[in-house]
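A.B. asks: What follows is a structure written as structure tokens; I'll ask about it next.
Residue numbers (our numbering): 712 to 818.
Written as structure tokens, this is what we have:
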């Protein structure tokens, strides 16, 4: 799960995992959670921080990725273009070429 900081990736992760809204703090580094959204479905989510210093290491998480959730803060009009640029950069990596993607416009 990737996106710029303040897109509320962790909030979405815990909504999926716990089926409730919880107050989260900004992710420093990453969160890893096993998610079981319904019977017979299970997957691991890596919620990686979206601060500029973390975006430079996103690529170290690409190998072995089986799906991407990219979260955009749709209220942050000043950074929509930056989010698009980061998303396009992700797609340039060979490890991400055939990965299914879910894009979420949050807030």
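Note that the Cβ used here is the ideal one computed from N, Cα and C, for glycine as well. Quantities reported herein were computed from a predicted structural model and do not represent experimental measurements.
1) Is residue 766 near residue 806, with beta carbons less than 8 angstroms apart?
2) Going by the beta-carbon positions, is the gap between residue 781 and residue 724 smaller than 8 angstroms?
3) Under 6 angstroms Cβ to Cβ from residue 801, same chain only, skipping five residues before and after it: list those, please.
4) Which residues in the same chain as residue 778 place their Cβ atom closer than 8 angstroms to its Cβ, once the five residues preceding and following it in sequence are excluded?
5) Using the C-alpha atoms, what's the distance from residue 722 back to residue 735?
6) With distances taken from CA atoms, which of 793, 745, 799 is nearest residue 715?
7) Would DSSP call residue 781 helix, strand or coil?
8) Tell me residue 732's beta-bridge partners as DSSP assigns them.
C.D. replies: So, to answer that:
1) No, Cβ-Cβ distance for residue 766 and residue 806 is not below 8 angstroms.
2) No, they are not a contact pair.
3) Contacts found: 807.
4) Result list for residue 778: 754, 810, 811, 812, 813, in chain order.
5) Roughly 6 angstroms between the two C-alpha positions.
6) With respect to the C-alpha of residue 715, the residue from 793, 745, 799 having the closest C-alpha is 793.
7) Residue 781: strand per DSSP, three-state reduction.
8) Beta-bridge pairing links residue 732 to no other residue.
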